[in-house]
Amino acid sequence: MGSLAPAALKILIVDDNPEDRFAYQRWLRRQAEVEIIALEADSGAAGLQMASDDAPDCILLDFNLPDVDGIRFIHQLRQKNRHTAVVMLTGLNDAMTSVAALHAGADDFLVKGRIDVDHLYRSIIRAVEHRSLSLQLAEKQARLERFASLINRSPDLLMISCLSDGRLTEINDAGCRLLGYDRELLVSGDFDLARVIPAAPGIAARLESASSEIQLDCDVIRRDGTRLCFELSGQVVFQGDERYAVIVGRDVTAARAQTAKLTAESRVDGLTGVSNRRAFDELLERLWRRAAERRKPLSMLMIDIDHFKPYNDLAGHQAGDACLRLVAATLQQGLRRENEHLARFGGEEFAVLLFDHADDRALQTAQALVASIREQALPHPMSAQATVSVSIGCATCFPPEAATPGVAVTTLVEQADQALYRAKHDGRDCVRHHLASAKP
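Just so we're on the same page, this note's numbering is the position in the sequence shown counted from 1, plus 169.
Encoded structure:
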């Protein structure tokens, strides 16, 4: 009969009338399509026990049993057994009873006295098929509900949009919270996705041309105007003739801010608060390239605190640290232009990069810095000046057009260092200049 009919059927007949049980067995065995394995129970309690022990494919259930009615039997059965089909049998053609039986979990309902062999067999096959399909649908529904629950519990944004018209068709709870909009508005069909993701048209174009998943960073604008940084991944899926963009987004605003903070901190000297050697080296390379491209001069000042070691040994390390901080703050205050950059080069040495400063201007800047440290008048008994002072070596160059950093950068540092050595040799608390190369 049915396409899902098995090779054999195990039928449990639950009926307190032995003549009815015998008749059902005889009728079922007269059909030749499947083998029938028949079991009998004369009460509800016995039927429930056999249903648990023997796992029948279908139960032929009399509505009027001596210990329980058919509705209560089904309720008790379904608490533990959702797999066995049930065909309810009653002597009354009562629509209310049939509806109640089906609502309770029966798969079909037959009236005694109106049953023949074919009718009974077809009802059993339909009930078994119905039960199997119902369980499959229930399982799929449960999977979908679990999937939806997991998606909605995810902290990440998930949304689906139709590529043909850009309409947002679905979004999870996290996406609604992150964007600050109600789902009904977002999926209304009138909502412009570019309001929250300005790059949405470009993303759609990239998805349509991509052969696989794409990943990108983009700005997301919340309803309150807050701008967030999102890390998006997306791909195209097909449903029939329609194409949809499935996009997963993670708010990385805080993470990127923390990364930027850590990156900035990794380029700052912890004691003095000015740029460290790592930041200086990176900046020197960038400014070298810029000077080469724009044919501008680049100057470097190498600064050393005079007699710092004896000061540190005599006054103590805490006083030495305070001296380094004071010198760094004074130097930083004297460099107020955008193209003047200070860094702690190492120990008691500082370095300054001066973009677009020719030798005369660089020399003036260096002399002003020496004077500013002198004006602090920080006592130093081991110094000829009796106060803390600095010596500065200055070097200037015009990087050739299209020049690449490397040996030339090292040479500029060495020349500034050589000029510093001369300043030390000439009595300290002064500036000496080395012109690395003339302007072409």
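We put the CB at the ideal spot given by N, CA and C, even for glycine.
Closest option to Glu-377, judged by alpha-carbon separation, among Asp-351, Ala-343, Ser-333, Leu-348: Ser-333.
Spatial neighbours of Thr-432 in its own chain (CB-CB distance under 7 angstroms, excluding positions within 5 residues in sequence) are not present. Counting of Cβ neighbours within 10 angstroms places Gly-439 among the exposed residues, the total staying below 16. Of the residues assessed, His-526 falls on the buried side of the cut-off, its CB having 16 or more other CB atoms within 10 angstroms.
The DSSP-derived three-state label of Phe-449 is helix. Nearest to Ala-214 by C-alpha distance, out of Gln-545, Leu-230, Ile-206, is Leu-230.
Here the alpha carbons of Ala-484 and Gln-554 stand approximately 17 angstroms from one another.
Restricting attention to Phe-514, Ala-588, Arg-392, Ser-221, the CA atom closest to the CA of Arg-447 is found in Phe-514. Here His-526 carries a coil assignment [DSSP, helix/strand/coil].
By the C-beta criterion, the segment 235-242 is judged not to be in contact with the segment 315-333, since fewer than 3 inter-stretch pairs fall below 8 angstroms. Ranked by how close their Cα comes to the Cα of Leu-538, the residues Leu-495, Val-406, Ala-254 have Leu-495 in first place.
DSSP places Arg-425 inside the alpha helix (DSSP H), whose first and last residues are 422-434. According to DSSP, residue pairing for Leu-511 in a beta bridge involves Val-521.
Segment contact: the segment 201-211 against the segment 246-260, fewer than three CB-CB distances shorter than 8 angstroms; contact not assigned. Contact check for Val-443 against Ala-497 passes: the beta carbons are separated by less than 7 angstroms.
Per DSSP, Gly-516 lies in no beta strand (DSSP E) and is assigned neither H nor E. Judged by their CB atoms, Leu-452 and Val-578 are not nearer to each other than the 7 angstroms cut-off. If you draw a straight line from the Cα of Lys-465 to the Cα of Phe-524, it is about 8 angstroms long. The DSSP assignment places 352-355 as complete runs of the alpha helix (DSSP H) inside the segment 350-377, in order along the chain (cut-off: 4 residues). For Ile-240, the enclosing alpha helix (DSSP H) starts and ends at 239-249. Collapsing the DSSP output to three states places Met-551 in coil.
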